[in-house]
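J.:
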Amino acid sequence: MPTSYEHQLDTLLERFNFHFTKNQIKEVIPITSRSKDLFKNDVLTVIADNQCLKSKINELGLLALQLDTRQVEIFDITVNATKSALDSLFTEVQLTTEALINDAFPFPIEDKSKLTVLRAGTVYPILADTVAMGTDLYNRLVVCTVIDKEVEESVPVEHLSQTGLQHRNSHTTYTMKRQVRTQLFHAVYWCCNLSKLILSVDRNTLSLTVTQEQLFVLRRFLMAKRVDPGIATNVFGVIEPLYNAADGYVTKLGHVTTDGNPVRIPLKGNQKCLKEDHYHKAGEGGGHVQAKFAVAKKWVFKIDDSSRTVDIEVGLMGQPKMLDTAQPLSDFSINKSKRLEDLSFAIDKVLSLVPNS
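When you read off a place in the sequence shown, starting at 1, and then add 103, the result is the number in this note's numbering.
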């Protein structure tokens, strides 16, 4: 069944944020509400009779499923047979007939209990079309999968034994783990002119390990369609030049000290960039930083001529052992993306710094 307007708004607010969603909606209706609840109420009051607003929310819904936090792999396709197979994929792929998915799209299924109908590990193609990313035109395939995500939560009081109740206090908390069926949305982008294939997986608060499993599921789906993308671009060599580049703000860093200890440094408090942190600068200047194995960097862009901004962050999270082995880093994260042009910027930024082999 179709999703409720409230569910659609909740999805946008979760995937984007309040201010970005509000400013997008202001393009079609006047909105002055200053809180999330008032904003939702204002939109829900008028949406039933406003087709422009419905169309805008559907447009944002499709974007939201492709953006937020993603894990991506990039492939440089040089084999003609693979190029032909990719061209055929986007015209011949059979889209899912699963009504539960199609009725909700471009939003997730609202009643989570119905996700049990879908098969874990199965890729459900939903949309095949073309889309502009930056100045380039890509073929786009949007698919969904479902997984059983493990979540940890407090044990309800009514489930505790007498002994558990006796020990339950401010210093003792009982937790449990349970499996929650979760719907994910992935995207495949193919630009024949650039010979570039992009696999973009929905992280949706998933661990890196689970996300990489979803990349494998997506590659396996392509292989079943006679598309062998080969080996993804190794981006480990991008870490050092990305850190050194003058633009953007370094938000995370992983490095090995001269005594061989791996250290991971996140931003703290009101820090804006790790390169501006006096302790970190002293460490580099003093020769205590031997080599870097991970980095995250953020850029901030103004929207049109307004004072509003959007930011985009790239995370190349390698491991210390990669400094001493030939193990590649084939995937990286793109965080907080709200526009396709920002996703494209992040990918182009990383690819521009890949060392020549």
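Backbone N, C-alpha and C fix where the C-beta goes; we use that ideal spot for every residue, glycine too.
Select from Ile160, Leu456, Gln111, Tyr277 the residue whose C-alpha is nearest the C-alpha of Val341.
T.: For the purposes of this step, residue 341 is taken as residue 238 along the sequence shown, with counting starting at 1. Closest by alpha carbon: Leu456.
J.: In whole angstroms, what is the alpha-carbon distance linking Thr106 and Thr361?
T.: Within the sequence shown, residue 106 is the residue found at index 3, counting from 1. Within the sequence shown, residue 361 is the residue found at index 258, counting from 1. If I take the Cα positions, the gap works out to 56 Å.
J.: Using the beta-carbon count (16 or more within 10 Å), is Glu195 buried or exposed?
T.: Against the sequence shown, residue 195 aligns to sequence position 92. It counts as exposed.
J.: Can you give the Cα-Cα distance for Lys280 and Asp214, rounded to whole angstroms?
T.: Taking the first residue of the sequence shown as 1, we reach residue 280 at position 177. Taking the first residue of the sequence shown as 1, we reach residue 214 at position 111. For Lys280 and Asp214, the distance between alpha carbons rounds to 21 Å.
J.: Would you list, in sequence order, the uninterrupted beta strand (DSSP E) runs of no fewer than 3 residues that lie entirely inside the segment 301–367?
T.: Those beta strand (DSSP E) runs which fall completely within the segment 301–367 and span 3+ residues are 352–360.
J.: Within the same chain, show all residues whose beta-carbon is closer than 7 Å to that of Tyr108, passing over the 5 residues directly before and after it, in chain order.
T.: Taking the first residue of the sequence shown as 1, we reach residue 108 at position 5. The answer, listed in chain order, is Leu147, Ile150.
J.: Do you know offhand how far Ile128's Cα is from Lys405's?
T.: Sequence index remark: in the sequence shown, residue 128 carries index 25 (1-based). Sequence index remark: in the sequence shown, residue 405 carries index 302 (1-based). Spanning the two alpha carbons is a distance of roughly 18 Å.
J.: For Ile204, collect the residues of the same chain with a Cβ closer than 8 Å to its Cβ; drop the 5 residues on either side in sequence, then sort them by chain order.
T.: Within the sequence shown, residue 204 is the residue found at index 101, counting from 1. Closer than 8 Å at the Cβ level, and outside the excluded window around Ile204, lie Ile212, Leu221, Tyr227, Ile229, Cys247.
J.: If we count the other Cβ atoms within 10 Å of its Cβ and call it buried at 16 or more, is Phe435 buried or exposed?
T.: If you number the sequence shown from 1, residue 435 lands on position 332. Counting Cβ neighbours within 10 Å, Phe435 comes out buried, since at least 16 surround it.
J.: In chain order, what residues of the same chain have a beta carbon less than 6 Å from the beta carbon of Ile450, not counting five sequence neighbours either side?
T.: Numbered from 1 along the sequence shown, position 347 holds the residue referred to as residue 450. None.
J.: Could you tell me which residues DSSP pairs with Arg108 in its beta bridges?
T.: For the purposes of this step, residue 108 is identified with residue 5 of the sequence shown, where counting begins at 1. Reading the sequence as shown, one finds Tyr at residue 108 and not Arg. Tyr108 is not bridged to any residue.
J.: Closest by CA to Ala290, which one among Ser264, Gly351, Gln317?
T.: By 1-based counting over the sequence shown, the position of residue 290 is 187. Considering only alpha carbons, the answer is Gln317.
J.: Per DSSP, what kind of secondary structure is Gln461 in: helix, strand or coil?
T.: This structure leaves residue 461 out entirely; the chain is present only between 104 and 460.
J.: Our contact map puts Ser409 next to Ala335 with C-beta atoms below 8 Å; I'd like the distance itself, whole angstroms only.
T.: Sequence index remark: in the sequence shown, residue 409 carries index 306 (1-based). Sequence index remark: in the sequence shown, residue 335 carries index 232 (1-based). Going by Cβ atoms, the distance from Ser409 to Ala335 rounds to 37 Å, so no, they are not a contact pair.
J.: With DSSP run on the structure shown, which of helix, strand or coil describes Cys247?
T.: On the sequence shown, residue 247 is found 144 positions in, with the first residue counted as 1. If DSSP states are grouped into helix, strand and coil, Cys247 belongs with the strands.
J.: Residue range of the alpha helix (DSSP H) that Asp451 falls in?
T.: By 1-based counting over the sequence shown, the position of residue 451 is 348. Unbroken alpha helix (DSSP H) run through Asp451: 443–455.
J.: Measuring straight from C-alpha to C-alpha, what distance separates Phe210 and Leu218?
T.: Taking the first residue of the sequence shown as 1, we reach residue 210 at position 107. Taking the first residue of the sequence shown as 1, we reach residue 218 at position 115. Each residue's Cα considered, the two are about 14 Å apart.
J.: Could you check where the beta strand (DSSP E) with Ser436 kicks off and where it finishes?
T.: As a first step, residue 436 is located in the sequence shown; it is residue number 333 there, counting from the start. Unbroken beta strand (DSSP E) run through Ser436: 435–440.
J.: Which of the three DSSP states is assigned to Pro458 in this structure?
T.: Here residue 458 corresponds to residue number 355 of the sequence shown, with the count starting at 1. Correct three-state label for Pro458: coil.
J.: Mark His358 as exposed unless 16 or more other C-beta atoms lie within 10 angstroms of its C-beta, in which case mark it buried.
T.: Sequence index remark: in the sequence shown, residue 358 carries index 255 (1-based). Answer is buried; the Cβ neighbour count reaches 16.
J.: Taking contact to mean at least 3 C-beta pairs separated by less than 8 Å, is the segment 181–194 in contact with the segment 291–302?
T.: A contact exists between the segment 181–194 and the segment 291–302.
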